[in-house]
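All remarks here apply to the structure that follows.
Number of protein chains: 2
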Amino acid sequence: MPDDPGERSIIDALLEGRPRVGPPPIVDVGDDVAVLPGGLAVGADTMVEGVHWDDKLSPADVGWKLVAVNASDLGATGARPAWCTLSLSLPRPLDLSWVRGFAAGLHAALAAFGVRLVGGDTTRSPGPRVAALTMGGPVARPLTRAGGRPGDALFVTGTLGDAAAGFAEGGPGLAALRRPAPPVALGVALAESGLVNAMMDISDGLFTDLSRLCAASRCGATVEAAALPASPQVAASPQRLAHQVAWGDDYQLLFTAPAERLPALRQLSGDTPLTPIGRLDAAPGLRLVGADWPAPALHHFGDSPAC
Amino acid sequence: MPDDPGERSIIDALLEGRPRVGPPPIVDVGDDVAVLPGGLAVGADTMVEGVHWDDKLSPADVGWKLVAVNASDLGATGARPAWCTLSLSLPRPLDLSWVRGFAAGLHAALAAFGVRLVGGDTTRSPGPRVAALTMGGPVARPLTRAGGRPGDALFVTGTLGDAAAGFAEGGPGLAALRRPAPPVALGVALAESGLVNAMMDISDGLFTDLSRLCAASRCGATVEAAALPASPQVAASPQRLAHQVAWGDDYQLLFTAPAERLPALRQLSGDTPLTPIGRLDAAPGLRLVGADWPAPALHHFGDSPAC
Chain L
1 MPDDPGERSI IDALLEGRPR VGPPPIVDVG DDVAVLPGGL AVGADTMVEG
51 VHWDDKLSPA DVGWKLVAVN ASDLGATGAR PAWCTLSLSL PRPLDLSWVR
101 GFAAGLHAAL AAFGVRLVGG DTTRSPGPRV AALTMGGPVA RPLTRAGGRP
151 GDALFVTGTL GDAAAGFAEG GPGLAALRRP APPVALGVAL AESGLVNAMM
201 DISDGLFTDL SRLCAASRCG ATVEAAALPA SPQVAASPQR LAHQVAWGDD
251 YQLLFTAPAE RLPALRQLSG DTPLTPIGRL DAAPGLRLVG ADWPAPALHH
301 FGDSPAC
Chain S
1001 MPDDPGERSI IDALLEGRPR VGPPPIVDVG DDVAVLPGGL AVGADTMVEG
1051 VHWDDKLSPA DVGWKLVAVN ASDLGATGAR PAWCTLSLSL PRPLDLSWVR
1101 GFAAGLHAAL AAFGVRLVGG DTTRSPGPRV AALTMGGPVA RPLTRAGGRP
1151 GDALFVTGTL GDAAAGFAEG GPGLAALRRP APPVALGVAL AESGLVNAMM
1201 DISDGLFTDL SRLCAASRCG ATVEAAALPA SPQVAASPQR LAHQVAWGDD
1251 YQLLFTAPAE RLPALRQLSG DTPLTPIGRL DAAPGLRLVG ADWPAPALHH
1301 FGDSPAC
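So this is what it looks like as C-alpha cells:
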C-alpha cells in the first residue's frame, strides 16, 4: 500500500522481473494479502517508530496494533488469522520496559484474534524501532478487491474517522487510534457467505482505498457524504469529512454487493454496524455527493511529501 | 538466534506469556524455523544496515543474502523454500538505484532457491535500511536440533570460515560473505533420508550453533580442530581457527548421525563436501581437541557488547 510517491517506485522495482517460480498464487501481490495454492493467506505489515506511531501510543498499544492491522488484512480477504512471525529491530541501550509493554499488548491481541506467534527474530537497530509482522491463516473462499460490478452497493462496517479524530483532537477517538478492532470474523463470514463481490479493509482512508477497489474492479464509484457512518465525536467535528475519507487507520471493511442483499448481510453482521454509503458505477472516477473530496492526508506521522 | 546479551531478554519477554491459541506447532519457536500443523515450515530473518552488512556488500549482495539466509534456515529443517514476504524500510530521500540493485540480487536468489515473492510492504525509515523477510515452504519430515544422541558423529557440509576470512582479509572469502550458497536441497534430502538425527545451519559460528544443538539434544560434543574443513585461504590464515568456529555467516549444515552412515550420507551429498568433525558426548560442554576454543565473535558489524 503506497503511502508516499516513492513507495510506488520501490514496489515496481521489487515486482518487475520477479521470478515466477513454483505454482502461481490464487491471489497475487497487490491485494490485502496473497493467497497461496492450497488456500493459505499470507500478509505482512510493518510499523516504524516515528512513521507509524508516535507517543500517543504506548508500547502496549504498538504491540496490539501490529497484530490488529495484520489480522485486518487477512479478515478482509476472508482468511482466519492463525499464526505470525515477528521481526523486531530495537536500538541499544535496550529499553526492556518498552519490550515488556510491547509484548503485553502483542499477547493481548494474539489472544483476541486467535493468532499464535511461531517465530521471528530480533536485531539491533541503529535507528528507530521497527516491528515487521507476517501473518498467515487458511481461507476457504478468498474475496479480493477485483470482483466489484457497476450497480453494486458500497458498504462499510463500523464508523469511519475515529482514529483520525483521536489523532487530531484527542478524546474518545484515541481508543480507535491505539487499539483498532477490525471485524475479522465478520470478514470471514462475509467472504464465505457468497453474498459479497469485492472486499478490502480501510487502512489508508476511504478515498485512497476505494480508489484501489475501483481500479481493481475496473469501475468508478459514487459515495454519499451524508451516509458515512460517524461516531458522536466525528459527527461533531468541523473536520468530519476529512477524518472520514482522507485519513486512515479505520480498519473497517469496505465491500460491494447487490443492494437487495442488505437484509441478509445485516443478519450476518449481527452487532457490527453495516452501512450502505454509495454504489459502484461503470464510469471511472470517484464522485462524492454533497461535498468535495478533501485531499488525502499523508497519514503517517512525519512523512515528507518530497521523495 | 541471540546475537548479543540483550537479545535473550527480548526473546524471553516476547515468548513468556505468549497465548497458546490454536493447534500447537510441530516444531515451535527456538529451532531454525517453526513447523505448523499440516507441514508448513515458516521462518523469518532480518538484515539491518550497519548491523548485518556494511559497504563490503553491494545492494545486490544484500538482496541475495537476505533470501539465502532464510532459505538456509528452511533447508536445515528439511523444508523446501516456496514463498516469501518482504518488509522493506528505506530512508528518504529514496535512493532508487539502491532499490534496483537490491531487487536484482533478490530476484537472482529467488530464482536460484525456487522461491516466489508473494507479498510484503514498504515503509519509510528515519534510520537505516531494514529488510525483513519471512519464508515458508512444505516439509515432509522435519529435522530439528533436538534429536542428537551421545555417540553420534558430527558432520558439516562445505568449508567453514570463508566469510569470516573474507570479512577480515578480503580475497576469495568475500564471495562467501556476499553470496552465501546454503546447500538447501541437500538439507531436504538429508531430512527425508531418515539417516540424520539432528540438524541445523551454521549461521552464527560453529561454537555458538553447536552449543545450541547440544542444548536442544541435552548432550555435549567433542570437535577435532584439525578436522574442520577449510578452503585454501582459510587453511593459510593465521586466524584459521577463529574464522572457522568463532565467527559466522557460513550457512553450511551441521548435523549428527551414527558414524557408520557416512558412506550413505556421502552418496546423498554428491558434489557437496561432507566432513566428520567430531562426536556428541553424554557429558555436557563443548570440547575442542588440538586447540582452545577462541572466544565467539560478535560477528555483526558494529555490535556493541554493552546492552
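Line order of the protein sequences matches chains L and S. Note that the first sequence covers residues 1 to 307 in our numbering. Note that the second sequence covers residues 1001 to 1307 in our numbering. Backbone N, C-alpha and C define an ideal beta-carbon position, used for all residues, glycine too.
**Asked** Using a beta-carbon distance cut-off of less than 8 Å, what residues from the region 268-299 of chain L approach chain S?
**Response** none
**Prompt:** So is the beta-carbon of Leu-66 (chain L) under 7 Å away from any non-hydrogen atom of the ligand MG?
**Reply:** With respect to small molecules bound, the structure shown includes none, and the ligand MG cannot be examined in it.
**Request:** Report the three-state DSSP secondary structure of Gly-194 (chain L) (helix, strand or coil).
**Result:** The residue you call residue 194 (chain L) lines up with position 194 of the first sequence. Coil.
**Prompt:** Can you list the beta strand (DSSP E) stretches of 3 or more residues lying completely in the region 1192-1251 of chain S, in chain order?
**Reply:** 1198-1202, 1220-1224
**Asked** Using the beta-carbon count (16 or more within 10 Å), is Gly-248 (chain L) buried or exposed?
**Response** Here the question's residue 248 (chain L) lines up with position 248 in the first sequence. With 16 or more other Cβ atoms within 10 Å, it is buried.
**Asked** Which runs of the beta strand (DSSP E) spanning at least 3 residues fall entirely within the region 1098-1162 of chain S, listed in chain order?
**Response** 1116-1124, 1130-1138, 1153-1157
**Asked** Can you find a CB in chain L that lies within less than 8 Å of the CB of Ile-1026 (chain S)?
**Response** As a working mapping, residue 1026 (chain S) is identified with position 26 in the second sequence. Not one chain L Cβ lies under 8 Å of Ile-1026 (chain S).
**Item:** Exposed unless 16 or more other CB atoms sit within 10 angstroms - verdict on Lys-1065 (chain S)
**Value:** Along the second sequence, read from residue 1 onward, the residue named residue 1065 (chain S) stands at position 65. So Lys-1065 (chain S) ends up on the buried side.
**Helix, strand or coil at Ala-257 (chain L) according to DSSP, with G and I counted as helix** = In the first sequence, the residue the question calls residue 257 (chain L) occupies position 257. Strand, per DSSP.
**Proximity below 8 Å, CB of Leu-1143 (chain S) to CB of Ala-1044 (chain S)** = The count along the second sequence starts at 1 and reaches residue 1143 (chain S) at position 143. The count along the second sequence starts at 1 and reaches residue 1044 (chain S) at position 44. Taking 8 Å as the Cβ cut-off, Leu-1143 (chain S) and Ala-1044 (chain S) do not qualify as a contacting pair.
**Message:** Does Pro-1263 (chain S) come out as helix, strand or coil in the three-state DSSP assignment?
**Reply:** On the second sequence, residue 1263 (chain S) is found 263 positions in, with the first residue counted as 1. If DSSP states are grouped into helix, strand and coil, Pro-1263 (chain S) belongs with the helices.
**Asked** Among S:Ile-1202, S:Val-1042, S:Gly-1050, which residue has its Cα nearest to the Cα of Arg-124 (chain L)?
**Response** Position 124 of the first sequence, counting from 1, holds the residue named residue 124 (chain L). Of the candidates S:Ile-1202, S:Val-1042, S:Gly-1050, the one whose C-alpha sits nearest the C-alpha of Arg-124 (chain L) is S:Gly-1050.
**Request:** Could you tell me whether the region 1097-1112 of chain S touches the region 1161-1172 of chain S, using the rule of 3 or more Cβ pairs below 8 Å?
**Result:** no
**Message:** Using a 10 Å radius around the Cβ and a threshold of 16 neighbouring Cβ atoms, would you call Pro-238 (chain L) buried or exposed?
**Reply:** Translated into positions along the first sequence, residue 238 (chain L) becomes position 238. Result: exposed.
**Item:** Span separating the alpha-carbon of Asp-1209 (chain S) from that of Arg-1141 (chain S)
**Value:** Indexing the second sequence from 1 puts residue 1209 (chain S) at position 209. Indexing the second sequence from 1 puts residue 1141 (chain S) at position 141. The alpha-carbon atoms of Asp-1209 (chain S) and Arg-1141 (chain S) are separated by roughly 22 Å.
**Request:** Return helix, strand or coil for Ala-44 (chain L), following the three-state DSSP convention.
**Result:** One-based indexing of the first sequence puts residue 44 (chain L) at position 44. Strand, per DSSP.
**Request:** Figure out for me which residue from S:Ser-1231, S:Ala-1191, S:Ala-1235, S:Pro-1229 has the closest Cα to the Cα of Ala-1257 (chain S).
**Result:** Taking the first residue of the second sequence as position 1, residue 1257 (chain S) is located at position 257. Nearest option by C-alpha distance: S:Ala-1191.
**Asked** Nearest to Arg-1287 (chain S) by alpha carbon, out of S:Cys-1214, S:Leu-1274, S:Ser-1231?
**Response** Here residue 1287 (chain S) is taken as the residue at index 287 of the second sequence, counted from 1. The shortest C-alpha separation from Arg-1287 (chain S) is found at S:Cys-1214.
**Message:** Any beta carbon of chain L sitting closer than 8 Å to that of Asp-1054 (chain S)?
**Reply:** Start at 1 with the first residue of the second sequence, and residue 1054 (chain S) comes out as number 54. Chain L contact via Cβ: absent.
**Message:** Which of the three DSSP states is assigned to Pro-1276 (chain S) in this structure?
**Reply:** Locating residue 1276 (chain S) in the second sequence gives position 276, counting from the first residue. It is a strand residue.
**Inter-residue Cα distance where the pair is Ala-153 (chain L) and Pro-284 (chain L)** = For the purposes of this step, residue 153 (chain L) is identified with residue 153 of the first sequence, where counting begins at 1. For the purposes of this step, residue 284 (chain L) is identified with residue 284 of the first sequence, where counting begins at 1. The alpha-carbon atoms of Ala-153 (chain L) and Pro-284 (chain L) are separated by roughly 16 Å.
**Message:** Per DSSP, what are the beta-bridge partners of Leu-1086 (chain S) in this structure?
**Reply:** Indexing the second sequence from 1 puts residue 1086 (chain S) at position 86. In the DSSP output, where bridge partners are listed per residue, Leu-1086 (chain S) has S:Gly-1120, S:Leu-1133.
**Prompt:** Hey, does Cys-307 (chain L) have any beta-carbon neighbour from chain S nearer than 8 Å?
**Reply:** Looking up residue 307 (chain L) in the first sequence gives position 307. Here Cys-307 (chain L) scores only 24 on pLDDT, less than 50, and its place in the model should not be relied on; the value that follows carries that caveat. Closer than 8 Å: yes.
**Item:** Contact the region 166-180 of chain L vs the region 260-274 of chain L: 3+ CB pairs below 8 Å
**Value:** no
**Prompt:** Between the region 73-91 of chain L and the region 268-283 of chain L, are three or more C-beta pairs nearer than 8 Å?
**Reply:** no
**Message:** For a test of the three-state rule: what should DSSP assign to Val-1035 (chain S), helix, strand or coil?
**Reply:** Residue mapping note: residue 1035 (chain S) aligns to position 35 of the second sequence, counting from 1. Val-1035 (chain S) falls in the strand class under three-state DSSP.
**Request:** May I ask you to report which of helix, strand or coil DSSP gives Ala-1079 (chain S)?
**Result:** Against the second sequence, residue 1079 (chain S) aligns to sequence position 79. Residue state, collapsed to three classes: strand.
**Item:** Cβ distance (whole Å) where Ala-1246 (chain S) is taken to contact Pro-1296 (chain S) below 8 Å
**Value:** The count along the second sequence starts at 1 and reaches residue 1246 (chain S) at position 246. The count along the second sequence starts at 1 and reaches residue 1296 (chain S) at position 296. Contact flag correct, Cβ pair sits at about 5 Å.
**Asked** Is there at least one Cβ from chain L nearer than 8 Å to Ser-1087 (chain S)'s Cβ?
**Response** One-based indexing of the second sequence puts residue 1087 (chain S) at position 87. Yes, Ser-1087 (chain S) lies at the interface with chain L (some Cβ there is under 8 Å from its Cβ).
**Contact under 8 Å by Cβ, Met-1047 (chain S) with Ala-1131 (chain S)** = On the second sequence, position 47 is the one that residue 1047 (chain S) refers to. On the second sequence, position 131 is the one that residue 1131 (chain S) refers to. For Met-1047 (chain S) and Ala-1131 (chain S), yes; Cβs fall inside 8 Å.
**Asked** Taking only beta-carbon atoms, is Val-1033 (chain S) less than 8 Å away from chain L?
**Response** Here residue 1033 (chain S) refers to the residue found at position 33 of the second sequence. True, the Cβ-Cβ gap to chain L drops below 8 Å.
**Message:** Along the chain, where does the alpha helix (DSSP H) containing Arg-1178 (chain S) start, and where does it finish?
**Reply:** Translated into the one-based positions of the second sequence, residue 1178 (chain S) becomes position 178. Element bounds for Arg-1178 (chain S): 1173-1178.
**Item:** Span separating the alpha-carbon of Pro-1138 (chain S) from that of Gly-1075 (chain S)
**Value:** Position 138 of the second sequence, counted from the first residue, corresponds to residue 1138 (chain S). Position 75 of the second sequence, counted from the first residue, corresponds to residue 1075 (chain S). Rounded to whole angstroms, Pro-1138 (chain S) to Gly-1075 (chain S) spans 10 Å at the Cα level.
**Request:** To the nearest angstrom, report how far apart Asn-1070 (chain S) and Leu-265 (chain L) are at their CA atoms.
**Result:** Mapped onto the second sequence, residue 1070 (chain S) falls at position 70. Mapped onto the first sequence, residue 265 (chain L) falls at position 265. Answer to the nearest angstrom: the Cα atoms are 43 Å apart.
**Asked** What do you get for Glu-1016 (chain S), buried or exposed, if any count of 16 or more other CB atoms within 10 angstroms of its CB means buried?
**Response** As a first step, residue 1016 (chain S) is located in the second sequence; it is residue number 16 there, counting from the start. The residue in question, Glu-1016 (chain S), is exposed, as its Cβ has fewer than 16 Cβ neighbours within 10 Å.
**Message:** Which residues does DSSP list as the beta-bridge partners of Val-289 (chain L)?
**Reply:** If you number the first sequence from 1, residue 289 (chain L) lands on position 289. Note: Val-289 (chain L) sits in a beta bridge opposite L:Glu-224.
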